[in-house]
Structures are given as structure tokens and as C-alpha cells.
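Participant: Positions 1217 to 1581 (this note's numbering) are the ones given, in order, by the sequence shown.
Note that the Cβ used here is the ideal one computed from N, Cα and C, for glycine as well.
All values reported here derive from a predicted model rather than from experimental measurement.
Below are the C-alpha cells for one structure; questions will follow.
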Amino acid sequence: MVKNKTTIKTIGVLTSGGDCAGLNAVIRAVTHRAIQGYGWRVLGIHDGTQGLMDSPPRCEELTLKLFTGNILRMGGTILGTTNKGDPFDFPMPDGSRINRSKEFAQGFKELELDGLIGIGGDGSLDILNRLTKLGGINFIGVPKTIDNDVPLTEFAVGFSTAVSTAVEALDRLQPTAASHERVMILEVMGRDAGHIALNAGIGGGADVILIPEIPYRLEPIAEKIKTLHEQGRDHALIICSEAARPADGEASMNEHSHGQKRYGGIGDQLGEQINAATGAETRVTVLGHVQRGGIPNSHDRIIASAFGVRAVDLLASGENGRMVAWQHRQVVDLPLDEVTSRTREVDITDTLVQTARGLGISLGD
Ligand code: F6P
């Protein structure tokens, strides 16, 4: 067992925000390191922040035995999660909103926890950072999100698997596009960041990549399709981020129940416009939550494991308010305040943007 500078006996771990592949690999790494490295008890909090706000708090003890099976390989999160119900602005059934942040700290106290590890995206990490500061809770964050938009880390858990899934979709679309001489459009997730589309577009051999950071015009896209045609290729692959937007307009959103708006519809819109501009037959695939579920790939399992171990080591050495991150093939850690005060969209001078241009891929500008 490793010496630690603290008097920690029990820690909590929770997953917060949208799920993604690799969350269970982080939970497993945290449990292995905490029990085998330090002899701590580990409680898995159910359903993110909600599990600590409920009375009594909802959790389960995580043991080494639990992880002898296939949990490392499983998608989703064995603890459950939520991307609704910000404790600072909690929606009540009557439509009002209340601040329930004190209940979170109360739950932590009730479980007699000495530290907390939270696995979340940029939004969840910001909320957890504020909640734990307010409650005087020792906290370490682990970045996860298919969008890969958590600042100061090259990779968040889940991104690599989402990219692999989108590449596989392009691999499947190419032969059917070629057989029917069609333009296939693949709409991918990513919220306001184009990392999934950019990476998968390069890996999957797309002819056009549209990302929110580079507003597109129809003319260069139509031109690219015509050029391909002149070169003897009668099919094309287009990948677009859900939040890609035209230079002279807004991103496309769908309205859902309770007036909730979410990105969606850009693929169909483009399909119609490209058909009208080029005469090409178009078909649209919206990949959706397929990018979030499923078996984590090896890269996600590896960084999830490295993040989980480092998060526990940080608590053991008395650190607090930090996030683990991946930089230059190393796990590092940074102040959470520095992370939550920034955003991480695609930098249009980025290597991969240059790579795409160098390959002759149209970015619609
Ligand atoms: O942030 C992850 C993400 O999958 C985004 O890419 C997407 O826009 C959103 O969550 C979808 O959220 P929900 O699961 O609530 O539909």
C-alpha cells in the first residue's frame, strides 16, 4: 500500500452529464487504485449529483469483486447519470426553479465521505467545482465527453470511441454511395465543437467536412462535387457537425417538448440544397446516440484508466479542485478554475484543419 498524506477513509465517485463510452473504465480504475493503493472504501453515487441530493443519499459500495467481470468493456455508466437538474437551478414539478446546492453537501456529509471524484464534461465539471467549493469538499474532476470540448486536455474520455463509430459509419456509407452514385451526408454530434466531424472526416475519407467553427457556403460544396464528377467519381461523402451553420444563417435546431431546443436537421437541409444545386441524388444519415453508447475502444479505456489512477493519487496527496488531463502523452493535472473559465472549440489554425485542406477536403469556406 502507498503512503498518503491525508486521513481519507472513504471516497465517492460519480458520473455526471451525458454518458459516453469509457465511464466504467474510469470507475474501475478509481476503485482499483483506492482499494489496492490506499485501503480506502469507495462509494459509487447513483445518477450524478442527484444521488447526493436525495435523502437518504443513493449509492453503492464499489468492491474489487464487482470489476472481475466485463465492466471495463461496457458502454454507459453502471452508476447512472443525468444531464438535467443543475442543483443551483433545479427545475421543480410546478415549473419553478430552486437552489438545492446545500443538499448536495449534506449528502456528502451523511455518507461520511472524505473526498469526491466526479467524471463530467465542461458543464458538469463547472457545476461540481462550484458545488464542492461551497460545501468544502475535496474534489478531483475527470474529463469525459464525446464532444472533446473540455479545455486544456487533448482527450476527454469517450471522444475516441465516438470518432471510431463515425469513421465506421463512413466506411459503411462509401460502398453504398459508390453503388448508387449518390452523395451521402453523415450528421454527427459534438454540440458547438466540430472535433468529431473533423477527426472522423479525415479518418473516414470524407470529401467535405462542415464544422461550426467554419461557417459554410453552398457554392464551394457544390463546386467540390462537380470537380469530383469531372475527375470521374460519381459519389461523395459529406460529414457535418450537428451545429454546422451557413455563413449567412443560423445553426439548425429542432424544438421538442416543453419548448426544449436541440441541434438537429442540418443534414436534411444540406441534402435538399445540394440536390437542388448539383442535381446529385443525396441521402442523409443522422448518427445520433450511437456515438455515445457501445463498447469503449482501447484508447478510451487507456486514458480512462490513467485518469482514474491519477485522480485517486491526487486526493491521496491532499490535492483539491483539480482536473486530470492528457497533454503530450502524459497525464497531468490542472486547477479546475482554469479549465472552467475557457472553451475548447476547433482552432481553425489546428494541424487537422491544415491536414484536411492539404488532402483537398472542402471545409465549405
Ligand atoms: O454533449 C454530448 C452530446 O451527445 C452532444 O454531442 C449532443 O448535442 C447532446 O449531448 C445530446 O444530448 P441528449 O442526450 O440530451 O440528447
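Between D1302 and R1433, is the Cβ-Cβ spacing less than 8 Å?
Facilitator: The sequence position of residue 1302 within the sequence shown is 86, counting from 1. The sequence position of residue 1433 within the sequence shown is 217, counting from 1. Not in contact: D1302 and R1433 (Cβ atoms no closer than 8 Å).
Participant: Relative to the C-alpha of K1477, which candidate in N1491, M1290, E1458 has its C-alpha closest?
Facilitator: Within the sequence shown, numbered from 1, the residue matching residue 1477 stands at position 261. With distances taken between Cα atoms, K1477 lies closest to E1458.
Participant: Give me the Cα-Cα distance between P1566 and S1271, rounded to the nearest whole angstrom.
Facilitator: Along the sequence shown, one-based indexing puts residue 1566 at 350. Along the sequence shown, one-based indexing puts residue 1271 at 55. Looking at the sequence shown, residue 1566 is not Pro but Asp. Cα-Cα distance, rounded: 48 Å.
Participant: Name the DSSP beta bridge partners of D1549, please?
Facilitator: Along the sequence shown, one-based indexing puts residue 1549 at 333. Paired residue(s): V1540.
Participant: Taking 7 Å as the limit between beta carbons, can you name the residues of its chain near A1416, skipping five residues before and five after?
Facilitator: What you label residue 1416 is simply residue 200 of the sequence shown in a count that begins at 1. Within the same chain, A1416 has close Cβ partners V1379, A1382, V1383, L1386, V1404, I1455.
Participant: Is the region 1252-1271 in contact with the region 1355-1368, if contact means three or more CB pairs nearer than 8 Å?
Facilitator: no
Participant: Is the region 1304-1313 in contact with the region 1327-1334, if contact means three or more CB pairs nearer than 8 Å?
Facilitator: no
Participant: Secondary structure at S1533, three-state DSSP: helix, strand or coil?
Facilitator: Reading the sequence shown from its first residue, position 317 is the one you call residue 1533. DSSP places S1533 in coil when its eight states are reduced to three.
Participant: Quick one: Cα of D1365 to Cα of W1542, how far?
Facilitator: As a first step, residue 1365 must be located in the sequence shown, where it is residue number 149. As a first step, residue 1542 must be located in the sequence shown, where it is residue number 326. Approximately 13 Å, taken between the alpha carbons.
Participant: Just to check my reading of the structure: A1496 and G1238 have Cβ atoms closer than 8 Å, yes? What is that Cβ distance to the nearest angstrom?
Facilitator: Counting from one through the sequence shown, the residue named residue 1496 turns up at place 280. Counting from one through the sequence shown, the residue named residue 1238 turns up at place 22. A1496 to G1238, Cβ: 38 Å. No contact.
Participant: Would you say E1458 touches the ligand F6P, meaning its beta carbon is less than 7 Å from a heavy atom?
Facilitator: Here residue 1458 is taken as the residue at index 242 of the sequence shown, counted from 1. The answer is yes for E1458.
Participant: Look up A1583 in the DSSP assignment and give the residues it is bridged to.
Facilitator: As shown, the chain starts at 1217 and ends at 1581. That puts residue 1583 outside it, with no answer to give.
Participant: Going by C-alpha distance, which of H1396, E1439, G1374 is nearest V1494?
Facilitator: Counting from one through the sequence shown, the residue named residue 1494 turns up at place 278. Val is not the amino acid found at residue 1494; the sequence shown has Thr there. Of the candidates H1396, E1439, G1374, the one whose C-alpha sits nearest the C-alpha of T1494 is E1439.
Participant: Under 6 Å Cβ to Cβ from G1583, same chain only, skipping five residues before and after it: list those, please.
Facilitator: Look at the range of the chain in this structure, 1217 to 1581, and you will see that residue 1583 is not part of it.
Participant: Confirm, please, whether the CB-CB distance from I1335 to V1242 is below 8 Å.
Facilitator: Counted from its first residue, the sequence shown places residue 1242 at position 26. Counted from its first residue, the sequence shown places residue 1335 at position 119. Result yes, Cβ atoms of V1242 and I1335 sit closer than 8 Å.
Participant: Kindly indicate which three-state DSSP category K1477 falls into: helix, strand or coil?
Facilitator: In the sequence shown, the residue the question calls residue 1477 occupies position 261. Correct three-state label for K1477: strand.
Participant: Let me check understanding here. Comparing Cα to Cα, which of A1250, D1516, M1400 lies closest to D1498?
Facilitator: Residue mapping note: residue 1498 aligns to position 282 of the sequence shown, counting from 1. Per the sequence shown, residue 1498 should be read as Thr rather than Asp. With distances taken between Cα atoms, T1498 lies closest to M1400.
Participant: Just the C-alpha distance for G1537 and G1576, rounded to the nearest angstrom, thanks.
Facilitator: Reading the sequence shown from its first residue, position 321 is the one you call residue 1537. Reading the sequence shown from its first residue, position 360 is the one you call residue 1576. When rounded, the distance between both Cα atoms is 44 Å.
Participant: Tell me whether R1461 sits in a helix, a strand or coil according to DSSP, three-state version.
Facilitator: For the purposes of this step, residue 1461 is taken as residue 245 along the sequence shown, with counting starting at 1. R1461 carries a coil assignment under DSSP once its states are collapsed to helix, strand and coil.
Participant: Label T1284 either buried or exposed according to how many other C-beta atoms from any shown protein chain fall within 10 Å of its C-beta, with 16 as the threshold for buried.
Facilitator: What you label residue 1284 is simply residue 68 of the sequence shown in a count that begins at 1. Classification for T1284: exposed.
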